[in-house]
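Since the structure comes first, as structure tokens, the remarks are kept for the end.
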Amino acid sequence: MEAGGPRSGLTRRRVTTKAELRGFIDLTASIASARGESDHVVPLVASDITAWASGSGWFAEEVELWLLTDDSGAAVGRVLCHRSRLLAERLSDGPGAQAPETLFFGALEALDAAVIEEIIALVLDRADALGACRVFGPVSPLPNVTGGLVTAGFEHPGFFDTAWNPEFIAEAFAAAGFSTWGPAQTWEVRLDAVPRARATAVSPAEWSEHGLRRRPVTRLGMRGFAARLLPTLNAAFSALPYFTQISPAQLRSQMAGLSVLADPSLIVDVVGAEEGDDAPSRCFALVVPDPVPVLRRHGGRLGPAALWDLLRHRSRLTDAVLIIQGTDPRFQGQGLLSLVTREVYAGLVAGGYRRLRVTFIAEDNPASAAVFAKAGGTPLHSLCFLDRRLESAPEGTDLVVERPVADASDTAATDDADTTGSDASDVEGADASDTTRTGASVTAGSGTSVTAGPGPQSSPGISARLLTSLFRTAGRAPSAHNTQPWMPTVAGIAEDGAVAEVGLTVDPDRTLPAGDPRSEDLHLSLGCWIEAFAIAAAEADLAVDVTSVDGWGPGLTVGLDVRSGAGRPGGSDSPVAAWPSFTVADLEHRQVDRGPLARDEAALDSAVETANIALAQSGARLVEVTDGLWARLLDRAEHWSFSTPAVFTETLAWLRFDPRDPAYREDGLTAECLRIPSFGARAAALLNRAPLRPFIARAVSGALAPIAWFTRRPQGPAAETPPRRTGAPHHLILAAAEAAEDTEVADDGTPAANPTTIASAVADSGQADSASAARADTVPADTAPADVKAMADVAGMAAVRELRLGRDLLRTWLLFDRAGLRVDVHSEIKDCPEAHASLRDLLGRQKCAGSETLPDGSARFTRPIAAFSVGRSTTRVPRSHRRSDA
1 MEAGGPRSGL TRRRVTTKAE LRGFIDLTAS IASARGESDH VVPLVASDIT AWASGSGWFA
61 EEVELWLLTD DSGAAVGRVL CHRSRLLAER LSDGPGAQAP ETLFFGALEA LDAAVIEEII
121 ALVLDRADAL GACRVFGPVS PLPNVTGGLV TAGFEHPGFF DTAWNPEFIA EAFAAAGFST
181 WGPAQTWEVR LDAVPRARAT AVSPAEWSEH GLRRRPVTRL GMRGFAARLL PTLNAAFSAL
241 PYFTQISPAQ LRSQMAGLSV LADPSLIVDV VGAEEGDDAP SRCFALVVPD PVPVLRRHGG
301 RLGPAALWDL LRHRSRLTDA VLIIQGTDPR FQGQGLLSLV TREVYAGLVA GGYRRLRVTF
361 IAEDNPASAA VFAKAGGTPL HSLCFLDRRL ESAPEGTDLV VERPVADASD TAATDDADTT
421 GSDASDVEGA DASDTTRTGA SVTAGSGTSV TAGPGPQSSP GISARLLTSL FRTAGRAPSA
481 HNTQPWMPTV AGIAEDGAVA EVGLTVDPDR TLPAGDPRSE DLHLSLGCWI EAFAIAAAEA
541 DLAVDVTSVD GWGPGLTVGL DVRSGAGRPG GSDSPVAAWP SFTVADLEHR QVDRGPLARD
601 EAALDSAVET ANIALAQSGA RLVEVTDGLW ARLLDRAEHW SFSTPAVFTE TLAWLRFDPR
661 DPAYREDGLT AECLRIPSFG ARAAALLNRA PLRPFIARAV SGALAPIAWF TRRPQGPAAE
721 TPPRRTGAPH HLILAAAEAA EDTEVADDGT PAANPTTIAS AVADSGQADS ASAARADTVP
781 ADTAPADVKA MADVAGMAAV RELRLGRDLL RTWLLFDRAG LRVDVHSEIK DCPEAHASLR
841 DLLGRQKCAG SETLPDGSAR FTRPIAAFSV GRSTTRVPRS HRRSDA
């Protein structure tokens with residue numbers, strides 16, 4: 001229960017169990033039935049809700065699902081809360097990363113006015129608890145962040161890809177002081193009223209006259225259609241201020257179910273007459289039969305029963321919904337959309353459809369509305385989003401509940417609106433709801449945006465709130481066992497807000513002394529955090545410089561300078577041109593996938609080539625390991641992990657088996673991420689208790705002892721054999737260079753980093769300017785203790801270099817993610833002494849050419865830094881948790 005508690009005798013419950021999740025999903029149908037509104041509601045798809053709850057979908061950030069129950073324990077209301085840094089930045093009028101912390105809400109259901117008032121109170125309490133100063137909604141955390149609240153036209157049922165709610169919900173938000181944002185209307189076109197000229201199919205001669213042709217689209221060809229429309233979709237919507245580019249994988253995911261639902265005659269794909277079948281669309285329209293009746297009957301669940309129902313009754317679906325349409329900007333103004341619209345109407349009439357529904361046309365976009373008005377269309381619902389500022393909130397437009405009065409037939413528009421190629425007509429209906437199943441974001445319309453009053457003001461300089469927000473974003477950095485060992489603090493901020501000092505230290509309770517005795521993984525994790533922090537800061541037009549590195553391992557301290565007005569907008573601060581300009585969106589989307597990965601030769605080859613060019617600046621490269629050798633190394637490393645009691649005990653402490661454990665949603669490796677079945681996780685949770693861990697570790701070690709000799713046999717040279725199975729992922733080692741000048745030996749024989757090399761490494765990696773490099777030159781390099789030296793394969797690997805390699809490691813994984821690839825990390829391969837030695841032997845035999853060898857011809861890249869498999873995800877990827885999200 002939240003601070004402040006319920007104000008109406010209702011109980012707030014955050015959804016944590018499967019039973020509560022079922023109750024959350026079923027609440028739409030039960031409340032609608034109780035109010036007699038079952039034929040009006042638009043259920044959310046149950047699989048989407050399940051993905052939000054589990055963190056296994058495309059949405060990058062954690063979603064909180066809340067139920068409200070009455071005294072009898074019956075659910076009477078629901079809401080979800082989530083944060084989306086990307087959407088907050090898109091809604092901001094100032095620099096993106098200086099956007100106020102925003103809490104988004106959606107999936108509203110309430111039995112009556114008292115319940116919705118309590119839901120509003122819950123949302124405001126959550127905003128206060130999370131430090132948000134803006135609340136915005138209703139939006140659902142799909143990749144496209146869709147939603148809206150109906151403020152008029154309640155008597156009309158909702159339809160697919162839009163929203164519907166009873167009138168008292170809108171009234172409650174109006175009374176609570178919320179302002180409107182992006183007012184819009186849905187439209188309906190009765191096909192028996194469409195003028196014949198507008199519903200006449202385009203003849204072959206007309207297509208030829210325009211130098212065009214319509215490509216046929218089949219149900220089995222939906223995947224190819226998605227690939228063809230994607231470049232046009234991204235180009236057509238790129239001018240919208242809140243649109244983010246849609247990835248191929250994201251589009252495929254959102255269009256996965258359309259093959260069953262689609263009516264191919266309603267999908268129009270236009271290309272040049274001489275262009276190939278795989279050329280991007282010049283203009284397209286995606287219209288589908290409205291499946292809402294089936295969704296209502298099955299409570300939003302699209303299982304086998306619903307799909308069978310859909311197939312049986314598809315001929316009875318006589319209403320259609322325009323999902324999205326658009327024109328490549330290069331071909332706007334040529335009348336393409338007018339031809340496409342004729343094809344759509346002709347297909348609808350020929351198919352016996354009654355009505356075409358159009359989602360969400362903004363009130364500031366009369367040209368798009370006029371297109372449908374000229375076909376006899378009328379507005380159905382008035383909608384808007386709700387916006388409330390919680391700190392120094394500017395006055396906005398008061399939320400008013402009223403009937404729609406717009407009559408677009410009176411709008412000053414002519415037939416030229418179909419053919420002029422203006423943004424409003426050539427991307428007709430191209431707003432948030434018209435693109436809700438393809439990944440577009442909340443927009444006020446297909447042209448310019450509409451805001452209710454002034455937006456959030458840009459920060460005049462660096463503030464503690466801004467830095468804290470950047471810390472939270474940087475917390476998505478990877479770390480061994482997801483320990484999240486970093487402890488960033490704000491050391492000071494200049495009076496003018498132009499410069500700030502940040503200190504980065506280590507939480508010793510979040511280190512792995514048994515599995516990571518040399519603190520290499522610790523240093524790499526901190527390097528990943530620094531890079532993530534720099535990426536987030538760059539989007540706020542801030543530059544991050546590493547000014548000092550002192551100590552080693554748990555005693556490491558790093559000093560960072562943050563300066564305003566010096567960041568590289570939208571990307572990493574790396575000066576290496578070969579690295580792409582990474583963004584916060586990349587950080588949020590990156591995930592480790594411990595499920596089955598599929599090989600993708602072309603994507604990997606391109607990504608590895610780019611990465612190796614950039615990694616050369618750091619004296620590192622990616623080296624592929626054959627499948628057979630990888631299997632042997634992994635077997636040996638896993639045996640070592642289980643049979644070494646100290647290492648296994650330490651690992652057990654970071655495994656999270658019980659979702660009811662508060663730590664489950666904070667850190668560690670969850671059963672879900674490890675793909676452990678629920679029954680196995682429940683059994684493991686009973687045994688994985690701190691007092692039992694040493695005994696379990698010793699028992700496992702003893703049981704494995706008889707087979708230890710299998711993993712200790714010396715391995716011969718790796719044979720260049722094909723993978724064991726078709727489609728197996730690639731296996732890569734990030735290997736670092738070892739050169740004599742990189743290290744020097746202290747008087748006591750302990751390896752020590754060369755101070756000159758430290759300053760050079762810091763400066764070269766983009767972690768310092770000339771001034772900060774000079775300061776780093778004077779920083780004494782702490783050294784590893786002598787007992788650790790014996791375990792180190794390469795003397796003098798300074799912490800500062802491992803920080804740099806950590807930054808490069810994160811960049812590499814972000815590069816793979818952009819290519820549609822994910823990694824499955826196996827640090828145990830390079831942590832296991834025997835497997836580590838085998839890897840060094842393999843790398844030592846790699847005879848490279850040119851810059852890849854030292855002057856004496858010896859192999860340059862002989863130190864394994866990270867080991868991981870790479871491929872395309874084949875299943876949904878559960879999302880790992882972070883303390884900053886809790």
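Using UniProt numbering, you'd call the opening residue of the sequence shown number 1 and step up by one each time. In this text, a Cβ means the ideal position worked out from N, Cα and C, and glycines have one as well. A quick note: this is a predicted structure, and the numbers were derived from the prediction, not measured.
> Which of helix, strand or coil does DSSP assign to L65?
Replying inline: strand
>> I need the straight-line Cα distance from A824 to A46, nearest angstrom please.
In response: The amino acid at residue 824 is misidentified as Ala; the sequence shows Asp. Their backbone Cα atoms lie some 29 Å apart in a straight line.
> Cα separation between P183 and N365?
Replying inline: 11 Å
> Are the beta-carbon atoms of K830 and A799 separated by less than 7 Å?
Replying inline: no
> Counting only runs that start and end within the stretch 555-634, where is the alpha helix (DSSP H) found for 4 or more residues in a row?
Replying inline: 584-589 and 601-615
> Does the distance from the C-beta atom of A819 to that of A603 stay below 7 Å?
Replying inline: yes
>> How far does the alpha helix (DSSP H) with P833 in it extend, from its first residue to its last?
In response: P833 to R845
> Which class does L674 belong to by DSSP, given the choice of helix, strand or coil?
Replying inline: Coil.
>> Which same chain residues end up closer than 8 Å to A176 when comparing Cβ atoms and leaving out the 5 residues on each side of it in sequence?
In response: Close CB contacts of A176 within its chain, under the 8 Å cut and outside five residues either way in sequence, are with E117, I120 and R388 (chain order).
> What did DSSP end up calling W52 once you bin it into helix, strand or coil?
Replying inline: Three-state result, W52: helix.
> With 16 as the cutoff for other CB atoms within 10 Å, does T644 come out buried or exposed?
Replying inline: Classification of T644: buried, given that the 10 Å Cβ count is 16 or more.
>> Measuring CB atoms only, is the stretch 270-286 touching the stretch 310-327, in the sense that at least three cross pairs come out at less than 8 Å?
In response: yes
>> The alpha helix (DSSP H) that contains D521, what's its start and end?
In response: That run of the alpha helix (DSSP H) goes E520 to E539.
> Mind checking if L251 is an interface residue toward chain B, Cβ cutoff 7 Å exclusive?
Replying inline: Of the chains in the structure shown, none is chain B; there is only one protein chain.
> Which term fits E64, buried or exposed, when burial requires 16 or more other beta carbons within 10 angstroms of its beta carbon?
Replying inline: Result: buried.
> Where do the N-terminal and C-terminal ends of the alpha helix (DSSP H) with W813 fall, by residue?
Replying inline: Taken as a continuous stretch (DSSP letters only), the alpha helix (DSSP H) holding W813 covers A799 to R818.
> Can the beta-carbon of L597 be found closer than 7 Å to that of S869?
Replying inline: yes
> Are R882 and G475 touching if we call contact CB-CB under 7 Å?
Replying inline: yes
>> Alpha carbons only, please: which of E167, W654 and V623 is nearest the one belonging to A684?
In response: W654
> Mapping DSSP to helix, strand and coil, what is M255?
Replying inline: Here M255 sits in coil by DSSP.
> Going straight from the alpha carbon of A129 to that of A464, what length do you get?
Replying inline: 17 Å
> Anyone know if the C-beta pair for T11 and T69 falls short of 7 Å?
Replying inline: yes
> Does the stretch 188-203 come within contact of the stretch 351-359, defined as at least 3 CB pairs closer than 8 Å?
Replying inline: yes
> In three-state terms, what does DSSP make of W552?
Replying inline: coil
> Can you find at least 3 beta carbon pairs, one from the stretch 224-232 and one from the stretch 261-278, that sit closer than 8 Å?
Replying inline: yes
> Do you know how far the Cα of F695 is from the Cα of E666?
Replying inline: 26 Å
>> Once DSSP output is grouped into helix, strand and coil, what is the label at N158?
In response: Asn is not the amino acid found at residue 158; the sequence shown has Gly there. In this structure, G158 counts as coil in the three-state DSSP scheme.
> Is the beta carbon of V217 less than 7 Å from the beta carbon of P264?
Replying inline: Going by C-beta atoms, V217 is nearer than 7 Å to P264.
> Straight-line CA distance for G352 to L266?
Replying inline: 12 Å
>> Considering only the alpha carbon of each residue, which of V139, E155 and L80 lies closest to D39?
In response: The shortest C-alpha separation from D39 is found at E155.
> Short check: CB of G863 to CB of A736, under 7 Å?
Replying inline: Here residue 863 is Arg; the residue named in the question, Gly, does not match the sequence. Result yes, Cβ atoms of R863 and A736 sit closer than 7 Å.
>> I need the DSSP call for P379, collapsed to helix, strand or coil.
In response: strand
> Does the beta-carbon distance from V544 to V562 come in below 7 Å?
Replying inline: yes
>> Rounded to the nearest angstrom, what separates A538 and G211 at their Cα positions?
In response: So the alpha carbons of these two residues sit roughly 45 Å apart.
> How would you call T812, buried or exposed, if buried means at least 16 neighbouring beta carbons within 10 angstroms?
Replying inline: buried
> Are there 16 or more other CB atoms within 10 angstroms of the CB of S519, so buried, or fewer, so exposed?
Replying inline: buried
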